[in-house]
Each structure stands twice: as C-alpha cells, then as structure tokens.
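Colleague: Residue numbers (this note's numbering), protein chains in the order written: chain A, 1 to 456; chain B, 1001 to 1327; chain C, 2001 to 2305. The C-beta atom is built at its ideal place from N, Cα and C for all residues, glycine as well. No experiment lies behind these values; they were computed from the predicted model shown.
Okay, structure coming up:
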C-alpha cells in the first residue's frame, strides 16, 4: 500500500494510544439525562416536547433550528422533567432537555438487531431525508450536519469521498475501536454516502500506526465488494485528520482560503459518522450513541476504557462509573490533547461529538513559563497551513488587523502545532485564535457590505 | 489536585525547549573544542574558559542590574555565544582581549537590542570582528599547533593569510601551496595554524551532522553557502588557477565550516523561511569569496555573515513559507 | 595650499546655498495648508491620545472639532468640562456641560465570595479566557481577573487587588475615558456619574453583573445579586429596577439614602462617598464597612427562580 501524507508542516506528538486494546463496553443508563439542544454546528435545535411528556428512546425531542442545524432525539425512555439552561463543559449556558430515565424502551421502527444490512436504498433523496431525520452530524470534531455536507450546492461535483480514519490525535482510540470491531457497518455507511454523492471514488484513510484497523477495514472492503472503495495507509503525522490536510494527503489538492472541500471535489466524513449513517439509513436508528475513550497518562491500564455512551450522560457519572477521576489528573480534556477542550464543569453532559475523557498529569500538561522568541522558525515549519505563527503572534500583540489578514490568519485551523512546537513555550495559538476571530468578523462584514452594495 | 487546570489547546508540548536546543549546540561544538584543546594546549582552554565564563556572567549582570529583568538572562544561549567567540580567537589571545570581545558580543550585540531573540547581528561574530579591527596584532598572531603537552609553539600564518601575503609578493597560488605544504588532509584533520574553529573541519562537520540528526537546524543555509562558495571559487579557479585558490581549499580553510555550520545558522540572526535561508546562504558565500579573492583581509566569512545579518529583516519580509491553498 | 582652502570654502558654500534653495522651494510647493486652530485646540487637549472620545487621538479630535459645526457630538472625557470650555472658546462654539463620570466595577466576586473551581493555565488575558470558558468560578458573568482593564488604562487608575483578585478603580486618577469598559469582555465595568461636590458624591450601586437565577447565582458567589427585589421595594424614590434577576440603580433618581444597602441580603449593593444610616426603628446599624451587611448571609432568601 502506498504511504502518503500531507505536504505542508505537521508535527509528531507522542502517540500514547494507551487504550487501544480495550474493547467497546456499553455504559449503563444513569437516572437522569440532560440532552443539549446545541450539540452540532449551527443554530440550536428547537424542543418539540413539553415538560411532563413521556418519551421513548430514539424519539424526536427537538427539531433542527435552521438550515445548518440537526434534529435531536431522546437517548432513553422516560419523562421530560424540565427544559432549562444548563452549563456545558466550558460553563456556558445552553438549553437542555432533562429526562428522568425509567427504562430503555425504543420507539417503533428502529431496528436494534446486529444483522448487517448491505442492500442500499435506491432513492438518493430518501437516503438524505433519513440522514437528516436521524440527526446525523459529523463526529470528527466539528459536528457539522451530515445531510448538508452530503448535498453539495448545484454545480459542484464530488469526485472523491474521503472517510477519515486517521485519528491523528494522541490518546484517542474510539475511531480505532469501531474500525476494528464494526468495519463492515462503516464500509456500508461509506457506500451509502458514496451513492448519495453520485457514485464517486471513496478512499478510507487510516494512519499506519493502526495496523489492526487497516487490516480489518481492508478485509471488510474486500468482502463486501462495493465498487470504488479503497483503503489508504497514511504516514503518521498530526494533523492528518484535519479536513484540509487529509484532502491534500489523499488527493494532492488544496482547498483555497475560505473555500469548502467540495470546491476541489472532495467530501470528508469521519468513520464514526459513517457508522452513524449506516445506523440511520439501514436501521432507522437516530444518532443518540457514540464511542468515547476514557484514558490519560495518569490512569493505569486497567482503568482505560472505550465506552459506547448515550448523549446526555453527565461526565461526572461516566467518570464515576469508570472508577473516578484519578488523583494525579491535573487537567481533564474532552477530545484529544492537541485540539480538545479543557473541561471546567464535570456536571456537563455528553453530546453527539463527545470523543473522550482524557486525564493528563501535571507533568505532561502544565504549561511552562513563556520565554523570548528565539526566531527558530519551528512554528512556521510545523504549521500545516503554511502560516508564520511567530509573525501572527507579534502582529496580534499590536493588533494590526490589516497585516494579520495579509498574512492569512483567517486560514488558521487551530490545530495547535505552533504552540506545541515552540521551544520558548509561547502561547502562540491563544493569541492567534483571538485575532483570527476578529479578522474573520471583518471579512464577513466586508462580504456582507459588498453583497448589499451589489444588491442595490 | 481538586482544582483542575483549564487552558486553550494544545494541552501537550513537544519535548523541546530553548535550553535543550542550546544544549544540543554545545554538544555539537564539543568535538571541535576537544580537538582544539588537544592541539593548542592549555592556552586554548584558558581562552575558552574566559570567554564562556565572561559571556554568561556579563549577560547575568546586564539582565539583573542594567535591564532589571532577570527573565532576560538566558545562560545556555550566553554559553553558546561564549564558546563560539572563543573558537574564533587564536589560542594566544590574552584574557583581557577575550573579555573585551565577550563584552562587545553580549553587551553591545545582544543585550543592547533587548536580549535573546532581539539582536540583529550574531553576537559572537560581532565580538570577533570588533577584536579583529581593534587588536589586529593579537588577532592575526597564530600559533602553529604545539599540542597539549608539546613544547615548541611556533608562530606562523594561516593558509589563507599565507596566500594573501604570497599573492601580494607576486607568487602564484601553486608555489605558495607547495611552499607551505598544505594538503586537504591537513585541513580536514587539524594541523594548520588558525583559531580553534578553523583547526579541524572534520570535528566541526561531526557536530553539524549531530545538529541535523537532532533536527536542531535545517541544512538549507549551510548547503547554499557551500554550493555558492564551490561554484564561485570553481569558476574563478578555472579561469586563473595561479591567481585564485581552488574550491575545495576554500571550503576547508578559515572560518568557512564553523561559519556556515554554526554561526550562519544561528536562529535569531538568520531568515525564518527555507527560501530566505537559501538567499541568505548565497549572499554569505558570495561576499565571503569576494573578500577572500579581492579584499585586503585574507578571510571574509565573519564579515559576510554580519553583512547578511543586516539583510535578514528584508529577506524575512519578502520570503514566506508556502501557504496551504494559496498561490 | 591657500588656493585649495579657498576653493573648498567656495564649493561647500555654493553647494550649501543651492541645496538650501532646493529645500526652500520643495517646502513651499508641498506645503499643506492647515487650519491653525487645530494646533491651538490640540494644545489645550490633555494629550493622552487615549481614544476615549472615539477619535484616534487628540489631534484627530482637534481636527474633527475644528471642522464640525458645533461641539454637541464631541466630548473629551479625560479633560472634561474644563477642556471643552477651552476648546469652545477657541472655536467660538457653545458647549453643553456633561456630568463627570467614573469607572465602576460591577463585580464583587472576590476570592472569598466566589470559590474557585478551576485554575487557568493559558495566556493571561481576559479575552482569551472569555473565549475559552466561563471562568474559574461558577459565575459566568463576573470578573475574570486577568487584568485586561488594567492594561488598557493609560492613566494608572486601575490595579488588581491581590487579595480579592478584582480590579480597583482609583477615582482620583480615573478620567472616565472608557478604555477599560471596551477592554472588559464581560462588560462588568460601567461609567457612572460622580457628583461634582463632596455632598453629591454619595453614590450607591450594585456590584454584580450576574443575570442568573438567584439560587444559581448565589451558589456561585456569596455576594451575588439574586434579583430578590428587596432593594426595589424599600426604595422610596423608585430608583431601582430589577431585570434578568439583576438589580440596577439609576443614579439620576437615587437620593443616596442607603436603605437598599441595608436591605440587600447578599451585600451586592455598595455605597461610595458616605456612610449610610438606617432610618428604620430597628437597633443601630453596624458601623458601615461596605462588606459588613454580608456578614449574616445565612438568612435563607426566597429566590424568584
């Protein structure tokens, strides 16, 4: 198999896939779940249940609140206790539906069996509707509604569907486990999306540090025999799983600044999304479960887990079930150590895109005191977008928005390679993120003004 | 720990720091230092010690009492400056001259610009050039290697000095070379007069390879200097071998190896981008060779690096990395 | 020899003269005509270039003032009425007097009142912190404590109190330029009126910005305004409004009687410039260190959530 990777920048953080050997276990239900209305990119969903309603697992409890939005379903059967704001992992308030759990009774029409359904429905629109109805969103991190991504604007043609099995973040193993344990479902999901996109080529990209996944996925592809699906082994490099980087690695094409992947004929979907698409289309099962990794460098191997969780489970409940927050944990992270978010509120609940509870020890995560920039240029070498973080950092400090825009701060994907590789421990990304938001705001305002002027 | 930390991503850091990088540079210099001490004896050790010690102490004193911000003190970087300065001086340099060189390197070239990362010119080279123009007697007083335990130290000229001298007297390059008995083997393995950094090309190259393997530096600058020197000297040598020295001689003599591997690649005073690094290297190679062939000094690497240091902000302004998805 | 000297002098002199002429004509040709009043106005400005007036600096303010038809839309918060009078005198305009203002920190979430639940380990900037999460405490409205306001203040009027972890305004130095108001991502700093005479410098304000329901707010911070409305009830002058579980005292209506200060169950109401006296027939009030009423907060308040 040809090994390839993206061409610009990248870093090699320590792999640390400690929980790779842990098979996926099913988490028992808690007494109460809190389902967030904002667990996808775009507008929050609007609740369609009222306090006191009885709901079943898989029943729609909130519908999409806009074009870019997604339906939300109840993960359990029980009674709606309240619909009120609740704090997410960062302590910010979002609307949550609180459901008192009384069992695990699923709504009608949902196939819970394990039998593999390989027949793909013919009707493209019907498939899209099903994906939309089941509230499937991208599970690679951005939680962008999948049906929107699979339905490119008229005029743009998808040439290649890339299934992202890179899982380049250290520690995380949830994607790896589903690729090992449920490869056929993933391949069927990929074939469904391939069909929706009009039968384009499909490449499943997996990093070479996961030979078991490469093997099981290749086997599944060969056994199922769908046309035009191949497995591609990628050289290990972070951030391979970044959409733009993966497109470069697989197709040797680069998405222009501010452009969408479809502009170069690419659609990228995560393996977990592929699984969710399979369950939605073939089993009519809405997206209410996902796999998350409980791991960390201060957690002994027997306490590492890969869990199949339901949305709305409090993190504190999961942590408790897994044996409590370890003593040496200095930081708790939801997501990987490079791009994950630090958890400040363990009472927050799981959402569709939750991928891990990562406990890092003080030694590995506490930041060192920043020194002087020694102009070594390591940040520029590491940046997968070819930016010059040292320059952006300097410009951010003086607030020169014009120069920041000229130096493409808006292209930053916040992957963290710059801060990761800085020998002076400068908080490069912290600063860049702030000005990036400001510059994107300026660009949007300018675009809006231009549109208004054109409309006159 | 009951209060958990919260910070923006990333939550982990590469196993690298400014100090670890400087430590690698010092390790890379060790072979050349050992060779020079073995060949020049205790006087070389004295120069190294005085230079390193005074650089570190001066940086500390300036940061602590003049700039009143101890965070500006970076011991490892001062130590590198000190060692590099010492390797640019003859072993016979008196200690007070070394100290003045350290004062200029740290005080003038580095700290007056704001300390680590702010200086425009390479501190060690600035110090060396200052001494070269201020104390030419000491700086051109070379000692033929007598060895660590050797007795008879004789003074003599460096190969480059001998050639400049000889050419002025009307001799041809070949005559001078054979009169001096210089061979490539000698140049590679430490047997010629010169400063510590000029003595053994092979020891310096070992250090250079170490830096490359450890990914401390990138090869762009060094290789482009070598290529430029080789091509330029090659052309001139083909035109008139009696007037111009050959390319291999030029690569192996003088401060060429030390300058191209350790001084020109200094992070702070070299361009950030690969493209910029190549332009920077070509500039150094050209200027160094022009000075060697046509200037009044026998050696020009230091001057070339200093001149190109001044051009770095300009190079940085026009040479950027290739950006993703942009022309 | 003599000739050389003479020639040198002649050449240098002629050269100097020629260059002077060139410079003279260039200066003449490229001369920018500028209203001399701009310079005059600029001279009376404070010269801090703080941008509090909304212009890029004092020069830009002067330029705009000279061009404008009147001074109604312009005000220098730093120089205040004094400077505006001078500017008006130069330009021959009328000037409307504005009441002097001062920056007020509407947060009382000191380390003691607001227990920390996390500790921040990123770049020490409120902006970065605010973009990341709701802060180290349970309160997602209060001060983040990284001192962006202190950095923004050009007059040295703000400093972080190391004990409380909150910014403190030095009212003698504050010019009400508004830089801190803009710098605070939580918008907890407000410019409030300050009286001109010692007597009407009496002020009462709510030192809290928490809009959450009482119970939640109180859980996060002992000194939070819980929106119970007791202060509004006791106020005889109708100066207090409650909205979003948060009280606000209108300076214009407030007579600084201080009764709300005693009524507040959490001590969220602060007074400045005077020591309030309780007028109820109840026993004499505790001597009024501003935090004193918070001493017995165990009274279980009815929250309206």
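If we call anything under 8 Å between Cβ atoms a contact, is residue 411 of chain A one with residue 257 of chain A?
Modeller: Result yes, Cβ atoms of residue 411 of chain A and residue 257 of chain A sit closer than 8 Å.
Colleague: Give the secondary structure of residue 309 of chain A by DSSP, where H, G and I count as helix, E and B as strand, and everything else as coil.
Modeller: DSSP places residue 309 of chain A in strand when its eight states are reduced to three.
Colleague: Near residue 1012 of chain B, which residues of its chain fall below 8 Å by C-beta distance, leaving aside the five closest residues on each side in sequence?
Modeller: Around residue 1012 of chain B: no qualifying Cβ.
Colleague: Give me, in chain order, the residues of the same chain whose beta-carbon lies closer than 8 Å to that of residue 356 of chain A; leave out the 5 immediate sequence neighbours on both sides.
Modeller: Taken in chain order, the residues that qualify are 171, 172, 174, 292, 293, 294, 295, 333, 334, 335, 336, 340.
Colleague: Hey, how far is the Cα of residue 1153 of chain B from the Cα of residue 1159 of chain B?
Modeller: With a pLDDT of 48 at residue 1153 of chain B, under the threshold of 50, the predicted position of this residue should be treated as unreliable, though the coordinate-derived value follows. The straight-line gap from Cα to Cα measures roughly 17 Å.
Colleague: Whole angstroms are fine: how far does the CA of residue 238 of chain A sit from the CA of residue 404 of chain A?
Modeller: Those two C-alpha atoms are separated by around 25 Å.
Colleague: Quick check: what's the CA-CA separation for residue 2255 of chain C versus residue 2184 of chain C?
Modeller: For residue 2255 of chain C and residue 2184 of chain C, the distance between alpha carbons rounds to 29 Å.
Colleague: Is the distance from the Cβ of residue 2088 of chain C to the Cβ of residue 2071 of chain C below 8 Å?
Modeller: Yes. Within cutoff.
Colleague: Let me see if you follow: with CB-CB separation under 8 Å, is residue 367 of chain A close to chain C or not?
Modeller: Closer than 8 Å: yes.
Colleague: Going by CA-CA distance only, name the one from B:1296, B:1129, B:1317 that's closest to residue 1163 of chain B.
Modeller: That would be B:1296, whose Cα lies nearest to the Cα of residue 1163 of chain B.
Colleague: To test your reading of the DSSP string, which unbroken alpha helix (DSSP H) runs of 4 or more residues are found completely within the stretch 1200-1225 of chain B?
Modeller: Runs found: 1201-1213.
Colleague: What are the start and end residues of the alpha helix (DSSP H) that includes residue 102 of chain A?
Modeller: From DSSP, residue 102 of chain A is part of no alpha helix (DSSP H) but of the beta strand (DSSP E) over 93-103.
Colleague: On the three-pair Cβ rule with 8 Å, is the stretch 71-79 of chain A touching the stretch 21-28 of chain A?
Modeller: No: the two stretches stay apart, fewer than three of their Cβ pairs being nearer than 8 Å.
Colleague: Can you give me the C-alpha to C-alpha distance between residue 2283 of chain C and residue 2111 of chain C, rounded to a whole angstrom?
Modeller: With a pLDDT of 47 at residue 2283 of chain C, under the threshold of 50, the predicted position of this residue should be treated as unreliable, though the coordinate-derived value follows. Between residue 2283 of chain C and residue 2111 of chain C, the C-alpha separation is close to 32 Å.
Colleague: What would DSSP say about residue 2182 of chain C, mapped onto helix, strand or coil?
Modeller: Residue state, collapsed to three classes: helix.
Colleague: Examine the Cβ distances between the stretch 2038-2049 of chain C and the stretch 2157-2167 of chain C and report whether three or more of them are shorter than 8 Å.
Modeller: Because the criterion of three Cβ pairs below 8 Å is not met, the stretch 2038-2049 of chain C and the stretch 2157-2167 of chain C do not touch.
Colleague: Between the stretch 97-107 of chain A and the stretch 232-246 of chain A, are three or more C-beta pairs nearer than 8 Å?
Modeller: Contact between the stretch 97-107 of chain A and the stretch 232-246 of chain A is absent, because fewer than three Cβ pairs lie under 8 Å.
Colleague: Check whether the Cβ atoms of residue 198 of chain A and residue 158 of chain A lie closer than 8 Å to each other.
Modeller: Cβ atoms of residue 198 of chain A and residue 158 of chain A: closer than 8 Å.
Colleague: Pick out whichever of B:1279, B:1277, B:1253, B:1324 has its Cα sitting closest to the Cα of residue 1300 of chain B.
Modeller: Measuring from the Cα of residue 1300 of chain B, the nearest candidate turns out to be B:1253.
Colleague: Quick check on DSSP: helix, strand or coil for residue 2116 of chain C?
Modeller: Residue state, collapsed to three classes: strand.
Colleague: Going by Cα to Cα distance, which pick from B:1311, B:1068, B:1303 is closest to residue 1120 of chain B?
Modeller: The option with the nearest alpha carbon to residue 1120 of chain B is B:1311.
Colleague: State buried or exposed for residue 2187 of chain C, treating a residue as buried only when at least 16 other CB atoms are found within 10 Å of its CB.
Modeller: It counts as exposed.
Colleague: Closer than 9 Å, Cβ to any Cβ of chain B: which residues of the stretch 2114-2133 of chain C, in chain order?
Modeller: Answer set for the stretch 2114-2133 of chain C: 2116, 2117, 2118, 2119, 2120, 2121, 2122, 2123, 2128, 2129, 2131, 2132, 2133.
Colleague: What did DSSP end up calling residue 1018 of chain B once you bin it into helix, strand or coil?
Modeller: Three-state DSSP puts residue 1018 of chain B in a helix.
Colleague: Report the residues of the stretch 1101-1133 of chain B with a CB closer than 8 Å to any CB of chain A, ordered along the chain.
Modeller: Within the stretch 1101-1133 of chain B, the qualifying residues are 1115, 1116, 1117, 1118.
Colleague: I'd like the list of long-range same chain contacts for residue 151 of chain A, defined as Cβ closer than 7 Å, with 5 residues on each side in sequence excluded.
Modeller: So the qualifying residues of the chain are 128.
Colleague: Between residue 1272 of chain B and residue 371 of chain A, how many whole angstroms is the CB-CB distance? I'm expecting something under 8 Å.
Modeller: At roughly 18 Å, the Cβ-Cβ gap does not stay under 8 Å, so residue 1272 of chain B and residue 371 of chain A are not in contact.
Colleague: By the 8 Å beta-carbon criterion, what residues does the stretch 251-265 of chain A contribute toward chain B?
Modeller: Within the stretch 251-265 of chain A, the residues whose Cβ lies closer than 8 Å to some Cβ of chain B are 254, 255, 256, 257, 259, listed in chain order.
Colleague: Apart from the five residues just before and just after residue 185 of chain A, which ones in its own chain have a Cβ nearer than 6 Å to its Cβ?
Modeller: Cβ neighbours of residue 185 of chain A beyond the five flanking positions: 275, 278.
Colleague: Answer with yes or no whether the minimum CB distance from residue 1260 of chain B to chain A is below 8 Å.
Modeller: With 8 Å as the cut-off, residue 1260 of chain B does not count as an interface residue toward chain A.
Colleague: So who's on the other strand from residue 2247 of chain C, going by DSSP bridges?
Modeller: Answer is C:2242, bridged to residue 2247 of chain C.
Colleague: Measure the Cβ-Cβ separation of residue 2134 of chain C and residue 348 of chain A and say whether it is below 8 Å.
Modeller: No, they are not a contact pair.
Colleague: Check whether the Cβ of residue 1014 of chain B lies closer than 8 Å to any Cβ atom in chain A.
Modeller: Closer than 8 Å: yes.
Colleague: Measure the CB-CB distance between residue 1086 of chain B and residue 1048 of chain B and report whether it falls below 8 Å.
Modeller: For residue 1086 of chain B and residue 1048 of chain B, yes; Cβs fall inside 8 Å.
Colleague: Suppose you measure from the CA of residue 1169 of chain B to the CA of residue 1243 of chain B; what does that come to, to the nearest Å?
Modeller: Going from the Cα of residue 1169 of chain B to the Cα of residue 1243 of chain B covers about 12 Å.
Colleague: Which full runs of the beta strand (DSSP E) of 3+ residues lie inside the stretch 2116-2187 of chain C, going along the chain?
Modeller: Taking only runs of at least 3 residues, the beta strand (DSSP E) segments lying wholly in the stretch 2116-2187 of chain C are 2118-2120, 2158-2160, 2167-2169.
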